[in-house]
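Numbering (UniProt numbering), first residue to last: 1 to 657.
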């Protein structure tokens, strides 16, 4: 730990294992505390998960480390594009080096910069120690230190693209060591630099040196400013990883491309904005290489590419906003060309100024696209989905512009974080909207299917009744035919009065059932007895069920159970009662039973199932799907004490409306 007492400070390098063990004990005790709320536990778990996910190596923490300050060294610069010039040529032409104020304002990524560091006034300080470390104010892509060793000129690599194994600590770029005896002519060190990653302000360049002990404060310790630097990238990258996986899973489950494109957008946002800032040596070694740097730079183009594809599918611009869709196609094509031309300039032509100009033009183009898109959507908006795009794009654009102006990625991280929150809410809103639309459509389809099935029931019932009237007329039973026709007219009117509604009250259904049983009893010359029983605790006026749902089961019991019976009483009982969730209707007959009925049908070649019964079963299935209730049909075969068939009981469970 780094302790500060008054004006004095003390740095204590703590064993990482001891810190980890202590933290584990503290976290375990906190986790087990009964006073710890569910939310706090989840928050601690999330932070620990980020720690494990990104592999932070805690070496030591400090509040401030003044010992990091380096002593600046004056320098002069020589700019050239001649690859053949070497240190021997420069030692003979000292006049080529000029001061910083005589140099162009910005560096050229395609040029080579030779820097001469003058230690003439530092000789007394340098003699106090054997080893010192040279550090620069900014990191250079390729850099070499040229020094003297036993009267020979040698060089060391220390650029971030160089293959040195020890070029970075967890958080900082390491300096390069030298000894006082390494000074050329006893007072100079030379640097050969290629700053090809960016256009940088030359007057911001600085070089300094510090002792070996002070240099450890860059390699072995973190201060509070370091924590401020790496915590936001950690948090942002961790959140992006979680959201990337979530949207990827949603895509694989739904097949909707907007979720795939948004997942890729989040992934490349994380690569571009944070991967180079997260203190993981393995990750840094990838991005801080010549090839890896291209991935980091081109990620900003992929961000925009997947951003416009996401908008196209999220808003369905081809159908809803055709003008914007045409512009999106142009933008998509432009970005593909940018990626290809940038790769050619970077890998094949090695024109680093050109590829940086390509990226800058792409930024200006995307700024124009964002402004046009926001204005267009505000004017042509059709629903709330566009508002999520407009506000999210505005947050993203603000972050991008602040990054271009200030060169501070934290502005962009903030803008993208806000945009991700807004777009995530927008995707959730779209999922909810599509779910509600699909649910409504399913309800409409179910209602239409139920109506269609009910429409099939009416002709079926009428056909059977007319057959009965025809039978009575043919047998010259005019009185019975007249009674039957009167009751049939009354029943038909009741059916027609209720046929408009998808559901009828249970009391109406029972009245219709009684009328139907009167007709059937008259038709078969009172050949069976029937009774309709209603539980006294059942409020028949308050409960609704589908029209004529029970009638086919009653008809089936009469025709296939009671009428074929030769001996004994023919009794039909229809019982309505209620349990906690369902209305239960029992159709109980004392007929011949299912086995005997099936045998008779085989003899008569009547194996076809009742049409009305099939319709009722289908209606029950649809109602069950619509209400998620437990609607089902249960058939119980009854037997007497001697094991003979004693009839059938059909139990119909209906979710009451």
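Think of the CB as a built atom: it goes at the ideal place given N, C-alpha and C, for glycine as much as any other residue. A quick note: this is a predicted structure, and the numbers were derived from the prediction, not measured.
In terms of residue numbering, what span does the beta strand (DSSP E) encompassing residue i cover?
i	result
residue 208	207 to 211
residue 635	632 to 639
residue 577	571 to 578
residue 77	75 to 80
residue 327	That residue, residue 327, is in no beta strand (DSSP E); its alpha helix (DSSP H) goes 322 to 343.
residue 178	176 to 178
residue 530	529 to 534
residue 149	142 to 149
residue 204	Counting along the chain, residue 204 falls outside any beta strand (DSSP E), and DSSP gives it neither H nor E.
Keeping to the same chain, check which residues put their C-beta closer than 6 Å to that of residue i; ignore five residues upstream and five downstream.
i	result
residue 268	299, 302 and 303
residue 553	587 and 650
residue 177	131 and 133
residue 346	294 and 355
residue 640	646
residue 682	This structure leaves residue 682 out entirely; the chain is present only between 1 and 657.
residue 325	317 and 318
residue 97	76, 78 and 116
residue 591	561, 562, 565 and 647
Using C-beta distances below 8 Å, list every residue in its chain close to residue i, excluding the 5 sequence neighbours before and after it, in chain order.
i	result
residue 161	141, 142, 288, 289, 290 and 293
residue 129	211 and 212
residue 414	399
residue 91	184
Measure from the alpha carbon of residue i to the alpha carbon of each residue in the options, then state which is nearest.
i	options	result
residue 338	354, 325, 324 and 327	354
residue 655	543, 646 and 645	543
residue 538	553, 583, 509 and 531	583
residue 397	373, 384 and 378	373
residue 105	234, 204 and 382	204
residue 334	156, 358, 476 and 637	358
residue 186	253, 231, 117 and 232	117
residue 192	83, 242, 233 and 217	83
residue 94	442, 365 and 190	190
residue 101	77, 277 and 481	77
residue 71	97, 579, 89 and 123	123
residue 151	183, 121 and 157	183
residue 424	435, 489 and 385	385
residue 576	592, 555 and 532	532
residue 633	436, 616 and 367	616
residue 139	79, 158, 596 and 232	158
residue 321	308, 275 and 382	382
residue 153	260, 401 and 87	87
residue 410	595, 137, 202 and 234	234
residue 489	462, 378, 642 and 408	462
What are the boundary residues of the alpha helix (DSSP H) that includes residue i?
i	result
residue 232	224 to 254
residue 555	551 to 557
residue 132	Unbroken run through residue 132 is the beta strand (DSSP E), 132 to 136; no alpha helix (DSSP H).
residue 670	Because the chain in this structure spans residues 1 to 657, residue 670 falls outside the shown range and cannot be described.
residue 699	Since the displayed the chain opens at 1 and closes at 657, residue 699 lies outside it and no answer follows.
Short check: CB of residue i to CB of residue j, under 7 Å?
i	j	result
residue 147	residue 215	no
residue 412	residue 399	yes
residue 112	residue 198	no
residue 589	residue 647	yes
residue 564	residue 600	yes
residue 494	residue 512	yes
residue 480	residue 472	yes
residue 109	residue 342	no
residue 317	residue 369	no
residue 265	residue 310	yes
residue 180	residue 126	yes
residue 340	residue 328	no
residue 652	residue 585	yes
Can you name, in chain order, every residue of its own chain whose Cβ lies under 7 Å from the Cβ of residue i, other than the five neighbours on each side?
i	result
residue 416	269, 273, 396 and 399
residue 678	The chain is shown only over 1 to 657; residue 678 falls outside these bounds and no answer can be derived.
residue 527	563 and 570
residue 286	292
Apply the 10 Å Cβ neighbour rule to residue i and answer buried if 16 or more other Cβ atoms are within range, or exposed otherwise.
i	result
residue 486	exposed
residue 262	buried
residue 135	buried
residue 650	buried
residue 255	exposed
residue 163	exposed
residue 258	buried
residue 520	buried
residue 336	exposed
residue 644	exposed
residue 137	exposed
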